[in-house]
Amino acid sequence: MLKYLHNLWKRIMRPKPGLVAFPEIFEHFQDLLQNHQRVMELIADLGEKSGGEYIFDRKYLADTVEEMHTLLLHMVQGLNLITSSRYLDLHPALDRIFVPLESELRGRLSLAGEMPLSVSLAEAPLDRPELTGGKANNLAVIIQNLQLPVPPGFVITTQAYRLFLEYNQLEERIHAGLESWSAGEKDEYQISRQIQYSILAGVVPQEAATEIKRQAEKGGAHWAIRSSAYGEDGELSFAGLHESFLNVPTRGVIQAYKKVLASLYSPEALIYRQKMGMLGEEAAMAVLAQETVPSRVSGLIHTLDISGEECDCLVVYASWGLGRTVAEGRGQVDRFVVERDYPHRLRRQEIAAKQTLVRPQTGGGEEVGEVPPEEREAATLSEGQVCQLARWALTLERYFKRPQEIEWAINQDGQCLILQSRGLLFPKAAAPPTQDICESCGLYPVLLRDTGVVAHAGVGAGVVAQIASDTDMSSFPEGAVLVTKYTAPWLARIVPRAAAIIAERGSAAGHLATIAREFRVPTLVGVEGATEFLKEGMQITVDTKGRIVYDGRVSELLQYELVQSLAFEDAPEFRLLRRLLSRIAPLHLIDPTAPDFTPQGCRSVHDVIRFIHEKAVEELMDLPRLVKRFKGVHIFTLVSDIPLGLKILDLGGGIDPEVAGSRLYPEQIRSAPMQALWEGLSGPGVWSTEAVPVDFKGMMSSLTKTWAETPGAATVSGFNLAVVTDTYMNLHLRLGYHFNLVDARIDPDPQRNHIYFRFVGGVTDLTRRSRRAQLLAKILSQYHFKVDTKGDLVVAKVLHLPREDLENRLRVLGRLIGFTRQLDIQLRSDEDIPEFVEAFFEQNTPA
Amino acid sequence: MKDQLKILVLDDEPIVCKRLKPALEKLGYEVDTFIQSVEAMHQIHQTSYDIVITDLKMKEIDGMRFLEEVKKQRPQTEVIVITGFATMETAKQSFRKGVFDFIAKPFKLSEIQEVVNRAAAKIKGAAA
Numbered sequence: 002m003l004k005y006l007h008n009l010w011k012r013i014m015r016p017k018p019g020l021v022a023f024p025e026i027f028e029h030f031q032d033l034l035q036n037h038q039r040v041m042e043l044i045a046d047l048g049e050k051s052g053g054e055y056i057f058d059r060k061y062l063a064d065t066v067e068e069m070h071t072l073l074l075h076m077v078q079g080l081n082l083i084t085s086s087r088y089l090d091l092h093p094a095l096d097r098i099f100v101p102l103e104s105e106l107r108g109r110l111s112l113a114g115e116m117p118l119s120v121s122l123a124e125a126p127l128d129r130p131e132l133t134g135g136k137a138n139n140l141a142v143i144i145q146n147l148q149l150p151v152p153p154g155f156v157i158t159t160q161a162y163r164l165f166l167e168y169n170q171l172e173e174r175i176h177a178g179l180e181s182w183s184a185g186e187k188d189e190y191q192i193s194r195q196i197q198y199s200i201l202a203g204v205v206p207q208e209a210a211t212e213i214k215r216q217a218e219k220g221g222a223h224w225a226i227r228s229s230a231y232g233e234d235g236e237l238s239f240a241g242l243h244e245s246f247l248n249v250p251t252r253g254v255i256q257a258y259k260k261v262l263a264s265l266y267s268p269e270a271l272i273y274r275q276k277m278g279m280l281g282e283e284a285a286m287a288v289l290a291q292e293t294v295p296s297r298v299s300g301l302i303h304t305l306d307i308s309g310e311e312c313d314c315l316v317v318y319a320s321w322g323l324g325r326t327v328a329e330g331r332g333q334v335d336r337f338v339v340e341r342d343y344p345h346r347l348r349r350q351e352i353a354a355k356q357t358l359v360r361p362q363t364g365g366g367e368e369v370g371e372v373p374p375e376e377r378e379a380a381t382l383s384e385g386q387v388c389q390l391a392r393w394a395l396t397l398e399r400y401f402k403r404p405q406e407i408e409w410a411i412n413q414d415g416q417c418l419i420l421q422s423r424g425l426l427f428p429k430a431a432a433p434p435t436q437d438i439c440e441s442c443g444l445y446p447v448l449l450r451d452t453g454v455v456a457h458a459g460v461g462a463g464v465v466a467q468i469a470s471d472t473d474m475s476s477f478p479e480g481a482v483l484v485t486k487y488t489a490p491w492l493a494r495i496v497p498r499a500a501a502i503i504a505e506r507g508s509a510a511g512h513l514a515t516i517a518r519e520f521r522v523p524t525l526v527g528v529e530g531a532t533e534f535l536k537e538g539m540q541i542t543v544d545t546k547g548r549i550v551y552d553g554r555v556s557e558l559l560q561y562e563l564v565q566s567l568a569f570e571d572a573p574e575f576r577l578l579r580r581l582l583s584r585i586a587p588l589h590l591i592d593p594t595a596p597d598f599t600p601q602g603c604r605s606v607h608d609v610i611r612f613i614h615e616k617a618v619e620e621l622m623d624l625p626r627l628v629k630r631f632k633g634v635h636i637f638t639l640v641s642d643i644p645l646g647l648k649i650l651d652l653g654g655g656i657d658p659e660v661a662g663s664r665l666y667p668e669q670i671r672s673a674p675m676q677a678l679w680e681g682l683s684g685p686g687v688w689s690t691e692a693v694p695v696d697f698k699g700m701m702s703s704l705t706k707t708w709a710e711t712p713g714a715a716t717v718s719g720f721n722l723a724v725v726t727d728t729y730m731n732l733h734l735r736l737g738y739h740f741n742l743v744d745a746r747i748d749p750d751p752q753r754n755h756i757y758f759r760f761v762g763g764v765t766d767l768t769r770r771s772r773r774a775q776l777l778a779k780i781l782s783q784y785h786f787k788v789d790t791k792g793d794l795v796v797a798k799v800l801h802l803p804r805e806d807l808e809n810r811l812r813v814l815g816r817l818i819g820f821t822r823q824l825d826i827q828l829r830s831d832e833d834i835p836e837f838v839e840a841f842f843e844q845n846t847p848a
Numbered sequence: 020m021k022d023q024l025k026i027l028v029l030d031d032e033p034i035v036c037k038r039l040k041p042a043l044e045k046l047g048y049e050v051d052t053f054i055q056s057v058e059a060m061h062q063i064h065q066t067s068y069d070i071v072i073t074d075l076k077m078k079e080i081d082g083m084r085f086l087e088e089v090k091k092q093r094p095q096t097e098v099i100v101i102t103g104f105a106t107m108e109t110a111k112q113s114f115r116k117g118v119f120d121f122i123a124k125p126f127k128l129s130e131i132q133e134v135v136n137r138a139a140a141k142i143k144g145a146a147a
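Heads up: the sequence lines are chains A and B, in that order.
One gets this note's numbering by counting positions in the first sequence from 1 and adding 1 to each.
One gets this note's numbering by counting positions in the second sequence from 1 and adding 19 to each.
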């Protein structure tokens, strides 16, 4: 009761939101800005870590996510303090994002709601092999990332397996069975029979069965049903331990599914798991269903010659009909030996006399038949087909970072298809001798060393292909090394075809770096002069792990990487990082005026901070409301020739105390940062008001927007606001469609000093806006700003510099704000960027 | 190889060992890795290592005890400590125990390669 009275009293006496002093509100805003910046840094850090240059552990991931969570809670609180609690909906939005992040970190697949029982290969998630199994995960990657042709199929996930066990109360029974086997009470045959019988007698729960039928009815009439156990095609090999059923009619899929599940407990599989020390672990089985290809020709590719005779070649095996002939080593097969190096010459072909073939049996299953006499001595593949298969095989090897064994088929229409790709197991003898790798590399001339920033770690070799404009793209040879001045967005289309990438510009957090990581292409950015040193057509080897570029093809190093070194991309920590990133980094909320720009629309950490930032700024920019809320706050209007519509709010010492009325002249500004910025902004020739001719493309793009004024005029929508003190300035400038924010403090103590600059938006298409962003980044980094860009967003900052240095930089920012107003319209191509950078430096000496 | 230096890496996070081994082998070192401190402890009594790289915070044996033992066994062995930011203060104390250098996790491959090369230069300098 007492407590109740106390609370009631507190509620009555609580100051109304409007009575909170403005400086206090403003402090929250500044905290919010700082936290925003910190979260952006953490996101960039995580992105960089996924490139393989860093060694990190799970603890780092857990710590980073925890720090992000704390910062975001503060930001949500801060925004609600600024806006009188209008955004409490952000709390459930945070939960929606962080609860799954934290269950990922605990390694629990407890996200049952999110995990499908069955999913098509074209839509399967790519970083969840524990859900889809190794085989299906590889196929999903081949379809979605590498975009090679694969027969349609779907996977019945480990989630469905768990449901099956639960529904039939099998967990206990299996566990007890395995215990009695371990204790030596029964042998593996008895145990296997017992468990397999229970599984085969089990019922596939209705919800799983419905899903499986739905998927199967979407596809063709016959299916290959195979195991896709986790780890099966990875470091451990269960090759041949689990059952496969071929040419299964749609109505038989569920029965075949149960048979494949049961094969997880065959005597051989049990013994294997015991030998590998995995018996205690929970075995879970995903099952893959792939449409049967009634193939005319089929076979295998080994990207490494396992006979060990021709280290520089890959081998294609082929026979008529379905694939079993080659896979099971029965009958005679054709053998094609192809050079691994571009242009992948066919070195030799051995055509066998082929007597028998395997073909689908009517009504399901397969049968062995006779090869028609006229085809017995004929080559199964043309040279063109062999070359196409070889190119695909090397693409797969480049991506999976291991020698591959690939099953392929050619259908009745002559179309090549990839059926499977898995790590190739080769006898020790076939592996090239492990000479001292350090010594071998030392024999090759080094072209570049210790230069650039690692965007994705790895080794790749090929001929140099320089790409300077999007017209050169179709001529880019498969498996070449892309060398480029720029990191333009259109390069993304080449990335999957490149063996390695070297760019003169860009950062590890940039767009090209992100794409390179997605396709696992070894990439160095920021390599000055690369296009000069690395000439078109040169054969080079790029080792981004060591930041070395060798002249020639360092085959010892390439072999070492393929055979010895860990493909870090497949390490569980990296998979975890990528899964975390997919809930953290993508920005979906781009347009603040879009209907989903709401707390409910936030799907990632990035969305949340973007939303909070936008709303906090909006609140401060809503001057009439602000004035109403903070009675007694005096706002001045700056009188000047420059049409900025700038209002100034002084929190103490920022303007001449003698000023009377509400009009303020620039010379009456006392705020040190504001003075410096204004000096730059109002300098001669900076605020050019001449109209910029808009070319057709720029015009079309600007017309599609609700464009109130002609692009020539320096338009101001509403008004702009600066909050100042003697040592501080926070300035928001909305100029037409782009938006500048400058937050700066100039204190006698350099430790407290900073400039934070944020620039976003524009009227033209994203490509041109990004060009302006690149231009800003280029210029600002010359003045030693730390710059991050993402699309059309630029965030730059400098810290802890003495007074004069900061004043200089603020003057530059002032001039830059004027200079770049309409540049997106003028930047017609990437080549224009250096020209404008130079134009700027002609008038302004770089630092 | 001729005068190849031997390195032992101990970290209970397997990813650290898996990635350090090839990165250091490529620089011409012979590398053994351990994720169990007990096994590593056993190993340093069997073989002499020129350089030992160890985490500080592990289950079982504490990294600080491990490096003391390394130094006791073979004082000329150079020890490099890798550790999370949280244990950075403890790491600095380890300097007093004759640690060559320490590196905060997460770290770049190039960072650790550089430190190892410096340690190797010191060893070779001392031998000359």
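In this text, a Cβ means the ideal position worked out from N, Cα and C, and glycines have one as well.
Taking CB distances under 8 Å as the criterion, tell me whether C314 (chain A) reaches chain B. For the purposes of this step, residue 314 (chain A) is identified with residue 313 of the first sequence, where counting begins at 1. With 8 Å as the cut-off, C314 (chain A) does not count as an interface residue toward chain B.
Does DSSP classify P18 (chain A) as helix, strand or coil? Numbered from its first residue, the first sequence carries residue 18 (chain A) at position 17. For P18 (chain A), the predicted model reports a pLDDT of 48, less than 50, meaning its position is unreliable; a value from the coordinates is still stated below. DSSP places P18 (chain A) in helix when its eight states are reduced to three.
In its own chain, which residues sit with a C-beta less than 8 Å from the C-beta of E574 (chain A), not counting the 5 before and 5 after it? On the first sequence, residue 574 (chain A) is found 573 positions in, with the first residue counted as 1. Same-chain partners within the cutoff: F57, D58, R59, L62.
Own chain, CB closer than 6 Å to V28 (chain B), minus 5 neighbours either side, in chain order: For the purposes of this step, residue 28 (chain B) is taken as residue 9 along the second sequence, with counting starting at 1. Cβ neighbours of V28 (chain B) beyond the five flanking positions: C36, L39, T52, I72.
For E236 (chain A), count the other beta carbons within 10 Å of its own beta carbon; 16 or more makes it buried, fewer makes it exposed. Which is it? Counting from one through the first sequence, the residue named residue 236 (chain A) turns up at place 235. At E236 (chain A) the pLDDT is 46, less than 50, meaning the model places this residue with poor confidence and gives no usable figure here.
Check this for me: beta carbons of V156 (chain A) and L289 (chain A), under 8 Å apart or not? Residue mapping note: residue 156 (chain A) aligns to position 155 of the first sequence, counting from 1. Residue mapping note: residue 289 (chain A) aligns to position 288 of the first sequence, counting from 1. Contact: yes.
Please report whether the beta-carbon of P18 (chain A) lies at a distance below 8 Å from any beta-carbon of chain B. As a working note, residue 18 (chain A) is residue 17 in the first sequence. Reliability fails at P18 (chain A), whose pLDDT of 48 lies under 50, so the model's placement of it is uncertain and the value that follows must be treated cautiously. Cβ-Cβ to chain B under 8 Å: no for P18 (chain A).
Compare the beta carbon distance of G203 (chain A) and K259 (chain A) with 8 Å and say whether it is the shorter of the two. Along the first sequence, one-based indexing puts residue 203 (chain A) at 202. Along the first sequence, one-based indexing puts residue 259 (chain A) at 258. Yes, the Cβ-Cβ distance between G203 (chain A) and K259 (chain A) is below 8 Å.
Would you check if the stretch 75-89 of chain B and the stretch 83-98 of chain A touch, i.e. whether three or more CB-CB distances between them fall below 8 Å? no
Any beta-carbon of chain B closer than 8 Å to the one on R548 (chain A)? Counting from 1 along the first sequence, the entry for residue 548 (chain A) is found at position 547. Answer yes: the Cβ-Cβ gap between R548 (chain A) and chain B drops below 8 Å somewhere.
Taking the beta carbon of W491 (chain A) as the centre, do at least 16 other beta carbons fall within 10 Å, making it buried, or is it exposed? The residue given as residue 491 (chain A) occupies position 490 in the first sequence. Exposed, because fewer than 16 other Cβ atoms sit within 10 Å of the Cβ of W491 (chain A).
How far does the alpha helix (DSSP H) with L722 (chain A) in it reach, from first residue to last? By 1-based counting over the first sequence, the position of residue 722 (chain A) is 721. Run containing L722 (chain A): none in the alpha helix (DSSP H); it sits in the beta strand (DSSP E), 721-725.
Considering Cα atoms alone, identify which of A:L397, A:P523, A:R804 is closest to A1 (chain A). Outside the displayed range of chain A (2 to 848) lies residue 1 (chain A), so it cannot be described from this structure.
Interface flag, F569 (chain A) vs chain B, CB-CB below 8 Å: What you label residue 569 (chain A) is simply residue 568 of the first sequence in a count that begins at 1. F569 (chain A) counts as touching chain B.
Between the C-alpha atoms of S771 (chain A) and D748 (chain A), what's the straight-line distance to the nearest angstrom? Locating residue 771 (chain A) in the first sequence gives position 770, where the first residue counts as 1. Locating residue 748 (chain A) in the first sequence gives position 747, where the first residue counts as 1. Whole-angstrom Cα-Cα distance: 34 Å.
Using the beta-carbon of each residue, which ones in chain B are nearer than 9 Å to A572 (chain A)? In the first sequence, counting from the first residue as 1, residue 572 (chain A) sits at position 571. Residues of chain B passing the Cβ test: P33, I34, K37, R38.
I'd like to know whether the C-beta atoms of S320 (chain A) and L358 (chain A) end up nearer to each other than 8 Å. Here residue 320 (chain A) refers to the residue found at position 319 of the first sequence. Here residue 358 (chain A) refers to the residue found at position 357 of the first sequence. Yes, these two residues count as a Cβ contact at 8 Å.
Distance between D30 (chain B) and S56 (chain B) (C-alpha atoms, nearest Å): Within the second sequence, residue 56 (chain B) is the residue found at index 37, counting from 1. Within the second sequence, residue 30 (chain B) is the residue found at index 11, counting from 1. The straight-line gap from Cα to Cα measures roughly 8 Å.
Less than 8 Å between CB atoms is the rule here; does F401 (chain A) satisfy it with respect to chain B? Here residue 401 (chain A) corresponds to residue number 400 of the first sequence, with the count starting at 1. Chain B contact via Cβ: absent.
Over what stretch of residues does the beta strand (DSSP E) that includes M277 (chain A) continue unbroken? Position 276 of the first sequence, counted from the first residue, corresponds to residue 277 (chain A). Per DSSP, M277 (chain A) belongs to no beta strand (DSSP E) and is neither H nor E.
Does D58 (chain A) get closer than 8 Å to chain B when you measure Cβ to Cβ? By 1-based counting over the first sequence, the position of residue 58 (chain A) is 57. Taking Cβ atoms only, chain B reaches closer than 8 Å to D58 (chain A), which makes this a yes.
From A:R498, A:E529, A:R521, A:K50, residue whose alpha carbon lies closest to that of G507 (chain A): In the first sequence, residue 507 (chain A) corresponds to position 506, counting from 1. Looking at the Cα atoms, A:E529 is the closest of the given residues.
Quick check on D46 (chain A): does DSSP put it in helix, strand or coil? Along the first sequence, one-based indexing puts residue 46 (chain A) at 45. It is helical.
State the start and end residues of the unbroken alpha helix (DSSP H) segment that holds D806 (chain A). Taking the first sequence and counting its residues from 1, one reaches residue 806 (chain A) at position 805. D806 (chain A) -> alpha helix (DSSP H) spans 804-820.
Given a cut-off of 8 Å on the beta-carbon distance, is the pair E340 (chain A) and C314 (chain A) in contact? Mapped onto the first sequence, residue 340 (chain A) falls at position 339. Mapped onto the first sequence, residue 314 (chain A) falls at position 313. Yes. Within cutoff.
Measure from the C-beta of K50 (chain A) to each C-beta in chain B and report whether the shortest distance is under 8 Å. Counted from its first residue, the first sequence places residue 50 (chain A) at position 49. At least one chain B Cβ lies under 8 Å of K50 (chain A).
Contact list for G47 (chain B) against chain A, beta-carbon separation under 9 Å: As a position in the second sequence, residue 47 (chain B) is number 28, starting the count at 1. D437, I438, C439, E440, G443, listed in chain order.
What do you reckon, are the CB atoms on Q145 (chain A) and L127 (chain A) nearer than 8 Å? For this step, residue 145 (chain A) is matched to residue 144 along the first sequence. For this step, residue 127 (chain A) is matched to residue 126 along the first sequence. Their beta carbons are under 8 Å apart, which means Q145 (chain A) touches L127 (chain A) by this criterion.
Just to confirm, are P593 (chain A) and H607 (chain A) a CB contact at a threshold of 8 Å? Counting from one through the first sequence, the residue named residue 593 (chain A) turns up at place 592. Counting from one through the first sequence, the residue named residue 607 (chain A) turns up at place 606. Not a contact, by the Cβ cut-off of 8 Å.
If we count Cβ pairs, one from each stretch, closer than 8 Å, do we get three or more for the stretch 33-49 of chain A versus the stretch 438-448 of chain A? no
Assign G530 (chain A) to one of three DSSP states: helix, strand, or coil. The residue you call residue 530 (chain A) lines up with position 529 of the first sequence. G530 (chain A) falls in the coil class under three-state DSSP.
Could you please give me the residues that DSSP links to T524 (chain A) through a beta bridge? The residue labelled residue 524 (chain A) in the question sits at position 523 within the first sequence. Paired residues: A:H457, A:I502.
Would you mind listing the beta strand (DSSP E) stretches within the stretch 131-166 of chain A that are 3+ residues and don't spill past its ends, in chain order? 154-157
Residue-chain proximity (E54 (chain A), chain B), Cβ-Cβ < 8 Å: In the first sequence, residue 54 (chain A) corresponds to position 53, counting from 1. By this cut-off, E54 (chain A) is an interface position.
Chain A beta carbons: is any one of them nearer than 8 Å to that of E44 (chain B)? What you label residue 44 (chain B) is simply residue 25 of the second sequence in a count that begins at 1. With 8 Å as the cut-off, E44 (chain B) counts as an interface residue toward chain A.
Given P751 (chain A) as reference, the closest of A:Y784, A:V724, A:D806 once Cα atoms are compared: For the purposes of this step, residue 751 (chain A) is taken as residue 750 along the first sequence, with counting starting at 1. When only C-alpha atoms are compared, the closest one is A:D806.
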